[in-house]
Amino acid sequence: MDQKQKKLTVDQENCIGCGTCIALCPDVFAFNKDGKSYVKDQEACENCDCQSAIDSCPVGVIHWDDKTKKEQNGQPQ
């Protein structure tokens, strides 16, 4: 059985680039070249309240994604 690990994700296709997540968790989120938010440092989430960024996103594109270690290595379940 694969061990589950939570991963913070941003649906960049639907991100409006408002910057709320970056303002709340600047060590975790950043803008990409298209002005969309992305997770730049997953481990920095331990130092902030990423749930507040999730809850504050006006379009709801930030969420926790449960992936198995096998899936994270690019292998299907």
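Per numbering that gives the first Met the number 0, the very first residue in the sequence shown carries number 0; after that it's consecutive.
For every residue, glycine included, the Cβ atom is placed at its ideal position computed from N, Cα and C.
Remember, it's a predicted structure, so these values are computed and weren't measured experimentally.
Problem set entry | Residues of its chain near Ile-53, where Cβ-Cβ distance is below 6 angstroms and the 5 sequence neighbours each way are ignored | Translated into the one-based positions of the sequence shown, residue 53 becomes position 54. Ile-61.
Exercise. Excluding sequence positions up to five away, which residues of its chain have a Cβ less than 8 angstroms from the Cβ of Asn-13?
Worked result: Position 14 of the sequence shown, counted from the first residue, corresponds to residue 13. Cβ within range, chain order: Val-58 and Val-60.
For this session: Report the residue from Lys-39, Leu-7 and Ser-55 whose alpha carbon sits nearest the alpha carbon of Pro-25.
Result: Within the sequence shown, residue 25 is the residue found at index 26, counting from 1. Per the Cα distances, Lys-39.
Exercise. Which term fits Ser-51, buried or exposed, when burial requires 16 or more other beta carbons within 10 angstroms of its beta carbon?
Worked result: As a first step, residue 51 is located in the sequence shown; it is residue number 52 there, counting from the start. The residue in question, Ser-51, is exposed, as its Cβ has fewer than 16 Cβ neighbours within 10 Å.
Exercise. In whole angstroms, what separates the C-alpha of Cys-20 from that of Asp-64?
Worked result: Locating residue 20 in the sequence shown gives position 21, where the first residue counts as 1. Locating residue 64 in the sequence shown gives position 65, where the first residue counts as 1. Between Cys-20 and Asp-64, the C-alpha separation is close to 17 angstroms.
Exercise. Which stretch, first to last residue, makes up the alpha helix (DSSP H) that contains Thr-22?
Worked result: To locate residue 22, count along the sequence shown from 1; it is residue 23. Before going on, a small fix: residue 22 reads as Ala here, not Thr. Looking at the DSSP string, the run of the alpha helix (DSSP H) that includes Ala-22 is 19-23.
Exercise. Who are the near neighbours of Thr-8 in its chain, counting only those whose CB is closer than 8 angstroms to its CB and skipping five residues on each side?
Worked result: Walking along the sequence shown from the start, residue 8 turns up at place 9. Contacts found: Val-38, Ile-61, His-62, Trp-63 and Asp-64.
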